[in-house]
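Chains as they are written, first to last, in the numbering used here: chain D, 10 to 121; chain L, 214 to 328. Note that CB positions come from ideal geometry on N, CA and C, so glycine has one too. It should be emphasised that the depicted structure is a prediction, and the values quoted were computed from it without experimental measurement. Below is one structure; the comments refer to it alone.
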Amino acid sequence: NAGVTQTPKFQVLKTGQSMTLQCAQDMNHNSMYWYRQDPGMGLRLIYYSASEGTTDKGEVPNGYNVSRLNKREFSLRLESAAPSQTSVYFCASSENTKNIQYFGAGTRLSVL
Amino acid sequence: AQKITQTQPGMFVQEKEAVTLDCTYDTSDQSYGLFWYKQPSSGEMIFLIYQGSYDEQNATEGRYSLNFQKARKSANLVISASQLGDSAMYFCAMRIDGRDDKIIFGKGTRLHILP
């Protein structure tokens, strides 16, 4: 009954450090997404992957890279973290009919 | 451009009363989908209900119903007989068909249920 699993749940970085947020889903979904959530801003799409082997930019891709490692896994990398990237990050996956998106529990990232 | 607007930043409602959370959307497309998600204080995003633009009946899921008025471009969430556990942030979202399965979210409404 795992659904979408994100790791880690919390992370504190110093400016300039790099890290990778991991996401895996066990629902056999083709599409996967990375969002960030900031106070008063709702969820904004960073990158998405409509199928294994493809990735595309969303609304706020600058400062991030992604890898769709296989159908299950979609990782988000911050190469050189900045304080503006302090946020809560959500991974989601969706089935292809109604595109109902199912979310992971989120990663709370602070960049000092 | 597509847009979702939730005009109520916060609402206070007495327990057991019905609640309507407003959502209006803007699109020139004919085929689209509308969603509501709940985010409790624990932070997870929980899917509540879905309405397709061609669905003739309003969607219902237990105590949740979606009041879909296509001509007015509104998709309000109605929660019947509210409970303390309904206190959360609620997000309206829209999928535009043919746009790589992306959806856009409104900024949310924070609902407080009072005992």
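- With its beta carbon less than 8 angstroms from one in chain L, A114(D) belongs to the interface.
- Interface annotation for the region 225 to 250 of chain L against chain D: G246, F248 and Y250, criterion Cβ-Cβ distance under 9 angstroms.
- In the structure shown, the three-state DSSP call for D235(L) is coil.
- One finds nothing in chain L with a Cβ atom closer than 8 angstroms to the Cβ of N37(D); even the nearest lies about 15 angstroms away.
- When secondary structure is reduced to three states using DSSP, S93(D) falls in the helix class.
- Under a criterion of Cβ atoms nearer than 8 angstroms, the residues of chain L adjacent to V97(D) are, in order, G256.
- Contact between the region 281 to 296 of chain L and the region 99 to 115 of chain D is absent, with fewer than three C-beta pairs closer than 8 angstroms.
- Under the 8 angstroms criterion on CB atoms, M41(D) is classed as non-interfacial with respect to chain L.
- A direct Cα-to-Cα measurement between R86(D) and K229(L) gives close to 45 angstroms.
- The criterion of a C-beta distance shorter than 8 angstroms is not satisfied by L297(L) and Y277(L).
- Residue state for L279(L) is assigned as strand, using DSSP reduced to three classes.
- Around the C-beta of H325(L), fewer than 16 other C-beta atoms lie within 10 Å, and the residue is accordingly described as exposed.
- In the DSSP secondary-structure assignment, H325(L) is bridged to F225(L).
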